[in-house]
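**Q** Here it is: the structure, laid out below.
In the working numbering, the protein residues as written are 1 to 263.
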C-alpha cells in the first residue's frame, strides 16, 4: 500500500491478506455411554475469527435424508476456541436403538462449515426390564423407523394390550396404550405419528417404574434445560425460573422414589 503526493511517496506498507479459513471441530475423546444410555461427548472447536454456532448432527443410516441436530451452546460471542464436555441423553429419542452416524459441526460468521468425522453406532437406548414395556418399546422403534408401519404397529400393540392386560398394573397406563392404538388406526394427521411415539415412551416408562419413571424423565429434561441456559449465558430471570423448575422436578422425583420404597 503506497500513499503518493505528487512525485513524493508519503508512505509504503507491506500488507499480507490472511484468508478467513473454515472452522474446525472434532472429538478429543471417544464417545462414552454411561449405564443409563447418556452419551458423553468431549470436543474441541476452533476458528480464526470466532465461532458462530456448534451442534451435534445425527444422521439415520437406514433412511436417506433423515437427520436431527442438537445444539452445543457457546458460552460467549466470537469465541476462537472452545473445549467442552457435553452429555446427551437421547434414549427417549425415536431413533434410539437404530443405526446412525454422529458428527460435530461448526460454522463461522461467513457461514463456512467445518465438520468432524462421522462415527457410526447404534443410538443408545434404555434397557427395559418389564416385559410389557420392552414389547411396547419394540413397536415404538418399528414405528419410528418407518411411519408406514403404523397399521402393523397398531395390530401388534392391540395384541399386546389384550394378551398382557393382567400384567398392566394401572388402568391409566392401559388406557394410554389403548389411546395410542386408536390414534394409529383412526388419526391420519401429520403430527399423529410423532405424538404417538412420545406417548408410547411415557407408557413404557410408567410400565417400568410407575410414577418414578415419569418423574425421572421430567428431572432429566429440567437438568438439560438449565444446563443449556447456563452455557448460552441466558438472562438471570430465565436461569432463576429454570432453577425453580429443576427443584420442583427433584422434589417430585424424591417423592416418587420414597413411594416406591414404601411399596
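Just so it is clear, CB atoms sit at the ideal spot from N, CA and C, and this is done for glycine as well.
For the candidate residues 19, 140, 131, 73, whose alpha-carbon lies nearest to that of residue 97?
**A** In the chain shown, counting from the first residue as 1, residue 97 sits at position 97. Of the listed residues, the one whose Cα sits closest to residue 97 is 140.
**Q** With DSSP as the reference, label residue 43 as helix, strand or coil.
**A** Position 43 of the chain shown, counting from 1, holds the residue named residue 43. In this structure, residue 43 counts as strand in the three-state DSSP scheme.
**Q** Quick one: Cα of residue 19 to Cα of residue 138, how far?
**A** Position 19 of the chain shown, counted from the start, is the residue given in the question as residue 19. Position 138 of the chain shown, counted from the start, is the residue given in the question as residue 138. Roughly 51 Å between the two C-alpha positions.
**Q** Give the list of continuous beta strand (DSSP E) stretches no shorter than 3 residues that lie fully inside the segment 108-180.
**A** Within the segment 108-180, the complete beta strand (DSSP E) runs of at least 3 residues are 113-115, 119-122.
**Q** Check residue 100 in the structure and name its three-state DSSP category.
**A** Residue 100 sits at position 100 when you count from the first residue of the chain shown. Residue state, collapsed to three classes: strand.
**Q** When we look at the beta-carbon of residue 196 and count the other beta-carbons within 10 Å, is it buried (16 or more) or exposed?
**A** The residue you call residue 196 lines up with position 196 of the chain shown. So residue 196 ends up on the buried side.
**Q** Please classify residue 116 as buried or exposed, where buried requires at least 16 other C-beta atoms within 10 Å of its C-beta.
**A** Sequence index remark: in the chain shown, residue 116 carries index 116 (1-based). So residue 116 counts as buried.
**Q** Across which residues does DSSP place residue 317 in a beta bridge pair?
**A** For residue 317 there is no data in the structure shown, the boundaries of the chain being 1 and 263.
**Q** Taking the alpha-carbon positions, what's the residue 142 to residue 220 distance?
**A** Counted from its first residue, the chain shown places residue 142 at position 142. Counted from its first residue, the chain shown places residue 220 at position 220. About 25 Å.
**Q** Can you find the residues in the same chain that come closer than 7 Å, C-beta to C-beta, to residue 42, ignoring five residues on each side of it along the sequence?
**A** To locate residue 42, count along the chain shown from 1; it is residue 42. Here the set comprises 27, 28, 29, 85.
**Q** To the nearest angstrom, report how far apart residue 44 and residue 125 are at their CA atoms.
**A** Within the chain shown, residue 44 is the residue found at index 44, counting from 1. Within the chain shown, residue 125 is the residue found at index 125, counting from 1. Whole-angstrom Cα-Cα distance: 26 Å.
**Q** Taking 6 Å as the limit between beta carbons, can you name the residues of its chain near residue 135, skipping five residues before and five after?
**A** Counting from one through the chain shown, the residue named residue 135 turns up at place 135. Here the set comprises 160.
**Q** Leaving aside the five residues before and after residue 15 along the sequence, list all residues of the same chain whose C-beta is less than 6 Å from its C-beta, in chain order.
**A** The residue you call residue 15 lines up with position 15 of the chain shown. Contacts found: 1.
**Q** Three-state secondary structure (DSSP) at residue 209?
**A** Stepping through the chain shown from its first residue, residue 209 is reached at position 209. Residue 209 falls in the helix class under three-state DSSP.
**Q** Within the chosen definition, does the segment 48-56 reach the segment 100-120 through at least 3 CB pairs nearer than 8 Å?
**A** The segment 48-56, when compared against the segment 100-120, does touch it at the 8 Å Cβ threshold.
**Q** Could you check the C-alpha separation between residue 207 and residue 168 for me, to the nearest Å?
**A** Position 207 of the chain shown holds residue 207. Position 168 of the chain shown holds residue 168. Cα-Cα distance, rounded: 7 Å.
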